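Visitor: Below you will find the structure I want to go over with you.
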Amino acid sequence: MKAQTQLDAEKTPAASADANPRAASSKRNYVFQLLTVFIGFLIFGFSENIKGPAIPRIQTDFGLDEMQIGTLLSLNSLGYLLACSFTAYLTRKWGAKTVTMLAFGSMAAAGILIFASCSFPALSGSYFLMYIGNGMLEIALAILAARIFVGNTGTMMNLAHFFYGLSSTVAPLIASGLMTVSIGGHTLDWSGMYLIMLSLSVIPMIPTLLSRFPGEEEQGGERVPFTQLMHDPAIWLIVLVLSFGVVSELAVGGWLVNFLERAYHWNTTIASGMLSAFFLCFTFARLAVGPVTDKIGFTLSLILLPSGLANPELSCSQRPASVSPRSIRPS
0 MKAQTQLDAE KTPAASADAN PRAASSKRNY VFQLLTVFIG FLIFGFSENI KGPAIPRIQT
60 DFGLDEMQIG TLLSLNSLGY LLACSFTAYL TRKWGAKTVT MLAFGSMAAA GILIFASCSF
120 PALSGSYFLM YIGNGMLEIA LAILAARIFV GNTGTMMNLA HFFYGLSSTV APLIASGLMT
180 VSIGGHTLDW SGMYLIMLSL SVIPMIPTLL SRFPGEEEQG GERVPFTQLM HDPAIWLIVL
240 VLSFGVVSEL AVGGWLVNFL ERAYHWNTTI ASGMLSAFFL CFTFARLAVG PVTDKIGFTL
300 SLILLPSGLA NPELSCSQRP ASVSPRSIRP S
């Protein structure tokens, strides 16, 4: 008995010594995972919302009309939609880490191609690649977040989307500022701005390379068949609500600066500031409405929040005819 006790006492320090490096490694890996998700959402917000100040300059440089600009933005959304359709499959085949690296790499490559674009078709193809990268990145980050945020999931997801909102808020201001910067007597303009901003996608590739992500086999969940999801009315309600929300967000992000410049004759800086104000409200709404939704429930939230969105539209539709766009132009 005494010999057994002595043997156990000798094993305990050795086991403890083995556990400490593993714990330190696990903590370091978790930090790299957090950096990947949070910086990834920052880059995602930048790439999505620097287009507002750039669209009027692109339209002028290539002599495009509104229909061509609309086609460009529609092709971008198509690339985003396509990426969302196959990213989950690629994640199962290649792993979340590989797909995340591919998404960041696609966005960085798109920045180089946009900078080198000398024609509208070349620009359209480059934009299409950028939005494929955007779609892949959003799905990959959502998958990573679901796998690593096993504790305080709601808080951590809110924090991740806060980083997206933060970069979305400052993106129009940074974009409008960079387009006026001159380096070696050459103005960066919209092409140089895209090159610099999308090159930032290289930064989160570093923590992605240094981290290890849990695979699907570690989650232990049962996969629901796609046909079963298609017959669920709740899924279609979510799709409908998200569709209207995404349409509103993309419309404002893509067209607001161009509209304010042409209809209200605002300059680029003030128009970009208005777009930043929109995303600032968007960000704080995400943080503030979350606890309210938890209190009143999802069903009541889906009734009240869209109603609040419709009220300003009704008010604007009843605006007196004597009020013109020029009458509210900033001095």
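Residue numbers (numbering that gives the first Met the number 0): 0 to 330. We treat Cβ as the ideally placed atom computed from N, Cα and C, and that holds for glycine. Only a predicted model underlies this, so the values are computations on that prediction, with no experimental measurement involved.
(1) Helix, strand or coil for Val-186? Go by DSSP, reduced to three states.
(2) What separation, rounded to the nearest whole angstrom, lies between the Cα atoms of Asp-406 and Gln-58?
(3) I'd like the list of long-range same chain contacts for Phe-103, defined as Cβ closer than 8 Å, with 5 residues on each side in sequence excluded.
(4) CB-CB under 7 Å to Val-98, same chain, minus the five flanking residues each way: which ones, in chain order?
(5) Under the rule that 16 or more other beta-carbon atoms within 10 Å means buried, what is Tyr-79, buried or exposed?
(6) Where are the alpha helix (DSSP H) runs, 4 residues long or more, that stay fully inside the stretch 29-81, in chain order?
(7) The alpha helix (DSSP H) spanning Ile-202 covers which residue range?
(8) Rounded to the nearest angstrom, what separates Gly-51 and Ser-24 at their Cα positions?
(9) Express the C-alpha separation of Leu-197 and Met-129 in angstroms, rounding to a whole number.
(10) So, at 6 Å on beta carbons, what are the nonlocal neighbours of Ala-270 in its own chain, with the 5 sequence-adjacent residues on each side left out?
(11) Judging by CA-CA distance, which residue of Ser-167, Ala-284, Ala-107, Leu-143 is the nearest neighbour of Ser-275?
(12) Which whole-angstrom value describes the C-beta separation of Tyr-126 and Leu-158, a residue pair presumed to lie in contact below a C-beta threshold of 8 Å?
(13) Leaving aside the five residues before and after Val-169 along the sequence, list all residues of the same chain whose C-beta is less than 8 Å from its C-beta, in chain order.
(14) Leaving out the 5 sequence neighbours to the left and right, which residues in its chain are closer than 8 Å to Ile-113 when beta-carbon positions are compared?
(15) Would you kindly report the start and end of the unbroken alpha helix (DSSP H) that includes Thr-226?
(16) Apart from the five residues just before and just after Phe-148, which ones in its own chain have a Cβ nearer than 7 Å to its Cβ?
(17) Can you tell me whether DSSP reads Ser-181 as helix, strand or coil?
(18) Can the beta-carbon of Thr-35 be found less than 8 Å from the beta-carbon of Leu-165?
(19) Could you spell out where the alpha helix (DSSP H) holding Gly-296 opens and where it closes?
(20) Provide the residue span of the alpha helix (DSSP H) that contains Pro-213, from first to last.
(21) Quick one: what's got a C-beta closer than 8 Å to Met-100's C-beta in the same chain, skipping five residues either side?
(22) Tell me whether Phe-162 is buried or exposed, calling it buried when 16 or more other Cβ atoms sit within 10 Å of its Cβ.
(23) Let's see if you can read the secondary structure: which residues bound the alpha helix (DSSP H) around Asn-133?
(24) Could you give the first and the last residue of the continuous alpha helix (DSSP H) run that contains Ser-105?
(25) With a CB to CB cut of under 7 Å and the five nearest residues on each side skipped, what residues in its chain are close to Ala-109?
(26) Identify, in the order they occur along the chain, each residue of the same chain with its Cβ nearer than 8 Å to the Cβ of Ile-295, setting aside the five sequence neighbours on each side.
(27) Using the three-state DSSP reduction, which class does Thr-154 fall into: helix, strand or coil?
(28) Given a threshold of 16 other Cβ atoms within 10 Å of its Cβ, counted over all protein chains shown, does Thr-267 qualify as buried or as exposed?
(29) Given this structure, state the Cα-to-Cα distance separating Trp-254 from Pro-120, to the nearest angstrom.
(30) Using the Cα positions of Ser-118 and Cys-83, report the straight-line distance between them to the nearest angstrom.
(31) Does the beta-carbon of Gly-44 have 16 or more other beta-carbons within 10 angstroms, so that it is buried, or is it exposed?
(32) If you draw a straight line from the alpha carbon of Thr-282 to that of Ser-181, how long is it in whole angstroms?
(33) Could you give the DSSP three-state label for Trp-254: helix, strand or coil?
Guide: Taking the structure as given:
(1) Per the sequence presented here, residue 186 reads as Thr, with Val not at that position. Thr-186 carries a strand assignment under DSSP once its states are collapsed to helix, strand and coil.
(2) Because residue 406 is not part of the residues shown, which for the chain are 0 to 330, the question remains open.
(3) The answer, listed in chain order, is Gly-39, Ile-42, Gly-132, Leu-136, Ser-200, Val-201, Pro-203, Met-204, Thr-207.
(4) Closer than 7 Å at Cβ, skipping near neighbours: Thr-86, Leu-89, Thr-90, Met-135, Ala-139.
(5) It is buried - the Cβ of Tyr-79 has at least 16 other Cβ atoms within 10 Å.
(6) Entirely contained in the stretch 29-81, the alpha helix (DSSP H) runs reaching 4 residues are, in chain order, 50-61.
(7) Careful: Ile-202 lies outside any alpha helix (DSSP H) and carries neither H nor E.
(8) When rounded, the distance between both Cα atoms is 42 Å.
(9) The alpha-carbon of Met-129 is positioned some 9 Å away from that of Leu-197.
(10) Here the set comprises Val-256, Leu-259, Glu-260.
(11) Ser-167 is the residue among Ser-167, Ala-284, Ala-107, Leu-143 whose C-alpha sits nearest the C-alpha of Ser-275.
(12) Not a contact, Cβ separation roughly 30 Å.
(13) Excluding residues within five positions, the ones whose Cβ falls inside 8 Å are Ser-275.
(14) Within the same chain, Ile-113 has close Cβ partners Leu-122, Ser-125, Tyr-126, Met-129, Ser-190, Tyr-193, Leu-194, Leu-197.
(15) Following the DSSP letters along the chain, one finds Thr-226 inside the alpha helix (DSSP H) bounded by residues 225-229.
(16) Taken in chain order, the residues that qualify are Met-155, Met-156.
(17) Ser-181: strand per DSSP, three-state reduction.
(18) Contact: no.
(19) Unbroken run through Gly-296: none, as it is neither H nor E.
(20) Neither: Pro-213 is in no alpha helix (DSSP H) and is coded neither H nor E.
(21) Contacts found: Met-204, Thr-207, Leu-208.
(22) Buried.
(23) Segment 119-147, the alpha helix (DSSP H) holding Asn-133.
(24) Its alpha helix (DSSP H) spans residues 95-115.
(25) Excluding residues within five positions, the ones whose Cβ falls inside 7 Å are Ser-125, Leu-128, Met-129, Gly-132, Leu-197.
(26) Excluding the 5 residues flanking it on each side, Ile-295 has same chain C-beta neighbours closer than 8 Å at Leu-303, in chain order.
(27) The answer is helix: DSSP assigns Thr-154 an H, G or I state.
(28) By the 10 Å Cβ count, Thr-267 comes out buried.
(29) Whole-angstrom Cα-Cα distance: 20 Å.
(30) Taking the straight line from one Cα to the other gives about 28 Å.
(31) So Gly-44 counts as buried.
(32) In a straight line, the C-alpha of Thr-282 is about 32 Å away from that of Ser-181.
(33) Trp-254 carries a helical assignment under DSSP once its states are collapsed to helix, strand and coil.
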